[in-house]
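>
In this note's numbering, the protein residues as written are -7 to 80.
1. At 4 residues or longer, what runs of the alpha helix (DSSP H) sit wholly inside the segment 16 to 52?
2. By how many angstroms is the C-alpha of residue 71 removed from the C-alpha of residue 28?
3. Go to residue 54, then tell me how far its beta strand (DSSP E) extends in each direction, as first and last residue.
4. May I ask which residues mark the beginning and end of the beta strand (DSSP E) holding residue 64?
5. In angstroms with no decimal places, state the Cα-to-Cα distance between residue 57 and residue 19.
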């Protein structure tokens, strides 16, 4: 394999993951909607671990358990947190 083929392979492997539709359409979601952790982490430009640390400190809205395996955040509360307003 020559160098240019190796660079092309690396460039393809480094391409960004697709943007979740809930993030792409966040402004169109109603305040009563819920979004999952990858969307929340993208909105606040931090890692999922940081989101959970902020929840534990009380510096971030608490998610809801929608089912045994699904945890999600309320869009209305996230919008308030993004604006720096109290969400509780």
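Beta carbons are placed, not taken as given, at the ideal position from N, Cα and C, and that holds for glycine.
Let's see:
1. Secondary structure within the segment 16 to 52: the alpha helix (DSSP H) runs of 4 or more consecutive residues, fully enclosed, are 29 to 35, 40 to 49 (chain order).
2. Note on geometry: alpha-carbon atoms of residue 28 and residue 71 lie some 14 Å from one another.
3. Per DSSP, residue 54 is not a residue of any beta strand (DSSP E), being assigned neither H nor E.
4. Per DSSP, the unbroken beta strand (DSSP E) holding residue 64 starts and ends at 62 to 66.
5. So the two alpha carbons sit approximately 23 Å from each other.
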